[in-house]
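The block underneath contains the structure these notes are about, expressed in structure tokens.
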Amino acid sequence: MFPLLARGYCVAALGLCLVIFSDGARGEPVEEHDYYLQEIIDRDPYYYPEERRRNPQVPLERQPKVKAKKEKEKAVGAPVKNGNKKAEKKSNGKTPNNSQETYRMPEEKIEECPPLGLETLRIDDFQLHASTVQRYGLGAHRGRLNIQAGIYEDDFYDGAWCAGRNDYSQWFEVDARRLTKFTGVITQGRNSLWSSDWVTSYCVLLSNDSYSWVTVKNGSDDMIFKANQEKEIPVLNEFPSPVIARYVRINPRSWYSEGDICMRVELLGCPMPDPNNYYHRRNEVTTTDDLDFRHHSYKEMRQLMKIVNEQCPNITRIYNIGKSYQGLKLYAIEISDNPGQHEIGEPEFHYSSGAHGNEVVGRELLLLLMQFMCQEYLAGNPRIKHLVEETRIHFLPSVNPDGYEKAYEVGSELVGWSLGRWTHDGIDINRNFPDLNSVLWEGEERRNMYRKMKNHHLPIPEWYLSANATVAAETRAVIAWMEKFPFVLGGNIHGGELVVTYPFDMTRFSSKVHEYSATPDDHVFRWLAFSYASTHRLMTDANRRVCHTDDFAKEDGTINGASWHTVAGSMNDFSYLHTNCFEISMYVGCDKFPHESELPDQWENNRESLLVFMEQVHRGIKGLVQDKQGRGIPNAVISVEGINHDVITAIDGDYWRLLNPGEYKVTAKAEGYSSATRNCEVGYDMGATQCHFVLARTNLSRIKEIMEKFGKQPINLSLKRFRRVRHRRRQL
Numbered sequence: 063m064f065p066l067l068a069r070g071y072c073v074a075a076l077g078l079c080l081v082i083f084s085d086g087a088r089g090e091p092v093e094e095h096d097y098y099l100q101e102i103i104d105r106d107p108y109y110y111p112e113e114r115r116r117n118p119q120v121p122l123e124r125q126p127k128v129k130a131k132k133e134k135e136k137a138v139g140a141p142v143k144n145g146n147k148k149a150e151k152k153s154n155g156k157t158p159n160n161s162q163e164t165y166r167m168p169e170e171k172i173e174e175c176p177p178l179g180l181e182t183l184r185i186d187d188f189q190l191h192a193s194t195v196q197r198y199g200l201g202a203h204r205g206r207l208n209i210q211a212g213i214y215e216d217d218f219y220d221g222a223w224c225a226g227r228n229d230y231s232q233w234f235e236v237d238a239r240r241l242t243k244f245t246g247v248i249t250q251g252r253n254s255l256w257s258s259d260w261v262t263s264y265c266v267l268l269s270n271d272s273y274s275w276v277t278v279k280n281g282s283d284d285m286i287f288k289a290n291q292e293k294e295i296p297v298l299n300e301f302p303s304p305v306i307a308r309y310v311r312i313n314p315r316s317w318y319s320e321g322d323i324c325m326r327v328e329l330l331g332c333p334m335p336d337p338n339n340y341y342h343r344r345n346e347v348t349t350t351d352d353l354d355f356r357h358h359s360y361k362e363m364r365q366l367m368k369i370v371n372e373q374c375p376n377i378t379r380i381y382n383i384g385k386s387y388q389g390l391k392l393y394a395i396e397i398s399d400n401p402g403q404h405e406i407g408e409p410e411f412h413y414s415s416g417a418h419g420n421e422v423v424g425r426e427l428l429l430l431l432m433q434f435m436c437q438e439y440l441a442g443n444p445r446i447k448h449l450v451e452e453t454r455i456h457f458l459p460s461v462n463p464d465g466y467e468k469a470y471e472v473g474s475e476l477v478g479w480s481l482g483r484w485t486h487d488g489i490d491i492n493r494n495f496p497d498l499n500s501v502l503w504e505g506e507e508r509r510n511m512y513r514k515m516k517n518h519h520l521p522i523p524e525w526y527l528s529a530n531a532t533v534a535a536e537t538r539a540v541i542a543w544m545e546k547f548p549f550v551l552g553g554n555i556h557g558g559e560l561v562v563t564y565p566f567d568m569t570r571f572s573s574k575v576h577e578y579s580a581t582p583d584d585h586v587f588r589w590l591a592f593s594y595a596s597t598h599r600l601m602t603d604a605n606r607r608v609c610h611t612d613d614f615a616k617e618d619g620t621i622n623g624a625s626w627h628t629v630a631g632s633m634n635d636f637s638y639l640h641t642n643c644f645e646i647s648m649y650v651g652c653d654k655f656p657h658e659s660e661l662p663d664q665w666e667n668n669r670e671s672l673l674v675f676m677e678q679v680h681r682g683i684k685g686l687v688q689d690k691q692g693r694g695i696p697n698a699v700i701s702v703e704g705i706n707h708d709v710i711t712a713i714d715g716d717y718w719r720l721l722n723p724g725e726y727k728v729t730a731k732a733e734g735y736s737s738a739t740r741n742c743e744v745g746y747d748m749g750a751t752q753c754h755f756v757l758a759r760t761n762l763s764r765i766k767e768i769m770e771k772f773g774k775q776p777i778n779l780s781l782k783r784f785r786r787v788r789h790r791r792r793q794l
């Protein structure tokens with residue numbers, strides 16, 4: 063039998079905690095074991111053998127950490143070249159036949175376990191329990207690492223678990239639902255604009271049946287872990303050695319003197335093998351795609367892009383669009399059957415990610431997607447071949463590489479909610495584009511019956527282009543990229559939520575924090591957003607738990623950006639008002655920087671959505687606007703009756719206009735040409751309807767052209783003045 067729960071008594075309000083199971087070799091049998099209890103009895107209870115523990119006399123922060131190597135360890139008995147003959151003897155004292163060979167055992171390593179899944183929601187609310195709670199909104203279900211409270215904290219969505227009273231008897235409990243090897247705990251304080259609450263130390267208790275508990279020890283003493291000194295920066299405490307249990311309780315021992323006991327928690331744990339565990343099998347997601355599922359540093363990202371380019375040189379091209387504040391190149395990869403060329407009639411599409419450097423899922427998804435498309439194209443996948451041959455595709459995986467490197471250096475578990483979000487000079491890229499919404503709306507209010515406000519390709523304000531403007535180098539590079547290519551459709555990928563947002567992202571009235579702000583193409587944007595959300599594995603699942611405070615599943619996983627929260631200078635709004643491109647934002651996970659073990663799940667969740675959304679670039683109408691000599695007319699305006707937003711033709715005279723199924727009256731017009739109008743029908747099948755226009759030159763434009771050709775003054779005088787000049791000439 064185990065003794066009482068050690069000196070230090072980290073057992074307040076837990077009752078008389080005797081471990082009622084026995085040592086498997088010599089203890090008395092325990093009545094009515096459950097499966098998990100029997101597993102613990104069969105093993106060395108909770109702890110690995112003594113020789114696998116770290117030195118309990120050395121402070122935890124000074125103990126060496128043994129990281130799992132990516133390369134394979136040499137097998138036991140494998141020969142190792144070594145010139146030192148004194149080291150060539152085996153452990154039995156004999157020397158190998160080859161005097162240049164020796165044998166060694168691999169070093170014992172402590173396995174580093176991934177997060178159990180409180181932050182990523184793999185641990186559901188029913189697995190979290192607490193001794194007491196202040197109110198429902200501060201219940202155990204809110205004790206998840208990096209969970210965010212709403213602006214207005216209420217009884218449902220607050221930013222931590224908070225105990226109902228401040229004393230040593232409080233605890234926060236996680237039921238792993240199966241035997242798990244735990245290696246550490248990560249904690250934060252309460253996320254709040256109004257309160258300062260965090261725990262400064264705690265001990266950890268373990269159980270197999272939730273009735274009998276034992277503390278994690280350092281030698282013979284109960285171990286007290288140092289926790290947080292403020293509320294947002296995550297603090298990791300690793301156990302002296304891995305421990306096996308099903309239930310874990312965190313028992314606060316001290317807390318901020320002017321606050322309450324409040325915690326957000328993540329556990330590091332490796333589930334033990336259990337083929338009989340139906341719950342685990344039911345929630346297991348596996349992928350058959352042979353891809354590089356890991357986080358990539360800037361250098362590794364470049365290397366991977368180069369590898370893909372070498373594997374598929376005929377359909378890929380790597381280029382950079384500019385540099386970050388710290389001089390890192392912003393690399394993009396193009397996927398097309400004729401890379402480097404714009405083909406007339408072929409629409410251009412782009413994905414970008416990493417505007418917030420610590421939101422890394424999008425970056426890895428695009429790196430996975432480029433690998434996948436290369437592999438599937440080579441394998442002859444007809445869907446991928448059609449996309450590549452009929453679309454010019456661009457991926458920009460890392461808009462903010464400086465911010466990513468900051469987050470990557472700290473690591474997925476300890477990066478917190480905001481480290482690396484901004485550029486190196488402290489700018490939020492997704493709020494750094496020109497605010498053209500205000501320009502449009504102010505112009506609409508001032509216009510009169512003689513002047514119609516331009517509704518497309520609004521120019522960038524002069525103040526924004528000045529050298530003194532607070533504009534990130536990365537933002538300027540992205541703007542130049544968007545102006546260089548005639549993008550038709552685009553998506554920028556973010557993290558921290560599960561929702562797709564569409565413009566406008568800014569409310570029309572500054573007094574409104576959130577209000578539906580529809581574009582003239584609202585019906586198209588809603589379809590585009592739904593095409594992604596509906597094919598995502600989780601976004602439209604009505605039974606899924608909300609990430610933080612908003613239940614987007616009841617809105618089919620989509621929301622108007624301004625209806626969520628107003629943002630001035632967003633990429634989506636700028637793209638719509640300054641270019642032809644229809645852009646939306648995909649928030650693809652509750653966890654901004656998940657452990658790389660989560661990447662296969664993220665890929666499976668988003669793969670179909672990424673492909674389906676790309677295919678939407680072929681929805682609507684497309685065509686050529688030419689003169690009677692068959693020459694393309696650039697910058698011709700394409701207007702759709704009933705939709706107050708126009709697009710313009712590219713340099714070769716080709717255009718694309720995203721539209722939902724229906725019949726439309728479309729007009730093409732260009733300076734110096736007579737306008738032309740056609741009825742164009744958009745069907746339900748994928749594939750844009752061709753709708754071409756041939757424009758004739760106006761008489762006035764032809765006369766101007768002739769006179770300019772022969773060096774004469776163009777006819778731009780008023781008719782009355784023209785007649786006066788002609789009369790004078792006749793008198794002479």
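Heads up, the sequence shown is in my numbering, so the first residue is 63 and it goes up one at a time. All residues carry an ideal CB built from backbone N, CA and C; glycine is no exception.
Check: Distance CB(A307)-CB(N280) smaller than 7 Å; Outcome: no
Check: D336 - DSSP class collapsed to helix/strand/coil; Outcome: coil
Check: Identity of the residues DSSP links to F644 by a beta bridge; Outcome: L551
Check: Cβ of G715 within 7 Å of any chain B Cβ; Outcome: Among the protein chains of the structure shown there is no chain B, as only one such chain exists.
Check: DSSP beta-bridge partners of K546; Outcome: DSSP, once it has assigned bridges, lists no residue as partnering K546.
Check: Three-state class that DSSP yields for I765 in the structure shown; Outcome: helix
Check: Exposure label - A535; buried when at least 16 CB within 10 Å; Outcome: buried
Check: Contact the region 388-397 vs the region 454-464: 3+ CB pairs below 8 Å; Outcome: yes
Check: Rounded C-alpha distance that separates A698 from H518; Outcome: 12 Å
Check: Within 7 Å, strictly: CB atoms of I455 and I397; Outcome: yes
Check: Status (buried if at least 16 other CB within 10 Å, exposed otherwise) for H448; Outcome: exposed
Check: S573 classed as buried or exposed, judged by whether at least 16 other C-beta atoms fall within 10 angstroms; Outcome: exposed
Check: Through-space distance from N313 to W233, alpha-carbon basis; Outcome: 5 Å
Check: Where the beta strand (DSSP E) through C742 begins and ends; Outcome: 738-744
Check: Residue environment, V477, which counts as buried when at least 16 other CB atoms sit within 10 Å; Outcome: buried
Check: CB of F287 within 7 Å of CB of Y264, strictly; Outcome: yes
Check: Residue of M432, E438, Y470 minimising C-alpha distance to N420; Outcome: Y470
Check: Cβ distance (whole Å) where N634 is taken to contact P523 below 8 Å; Outcome: That belief does not hold up - the Cβ atoms of N634 and P523 are roughly 18 Å apart, past 8 Å.
Check: Pairwise C-alpha distance: S480 and G557; Outcome: 12 Å
Check: Own chain residues within Cβ distance below 8 Å of Y735, not counting five before or after; Outcome: D689, I695, A698, L757, A758, R759, T760, S763
Check: Residue from N253, K293, N299, V674 whose Cα sits closest to the Cα of V266; Outcome: N299
Check: For I380, the three-state DSSP class (helix, strand or coil); Outcome: strand
Check: For N280, the three-state DSSP class (helix, strand or coil); Outcome: strand
Check: Local conformation of Q403 per DSSP, three classes; Outcome: coil
Check: Given 8 Å, three or more beta-carbon pairs between the region 326-333 and the region 176-194; Outcome: yes
Check: Among Y219, S303, F218, I323, the one whose alpha carbon lies nearest that of R227; Outcome: I323
Check: Own chain, CB closer than 6 Å to S258, minus 5 neighbours either side, in chain order; Outcome: G321
Check: Runs of beta strand (DSSP E) lying entirely within the region 650-715, each at least 3 residues, in chain order; Outcome: 683-689, 699-702, 705-710
Check: Integer-rounded CB distance, given that V533 should sit under 8 Å from N499; Outcome: Going by Cβ atoms, the distance from N499 to V533 rounds to 17 Å, so no, they are not a contact pair.
Check: Beta-carbon proximity check, T602 vs V562, cutoff 7 Å; Outcome: no
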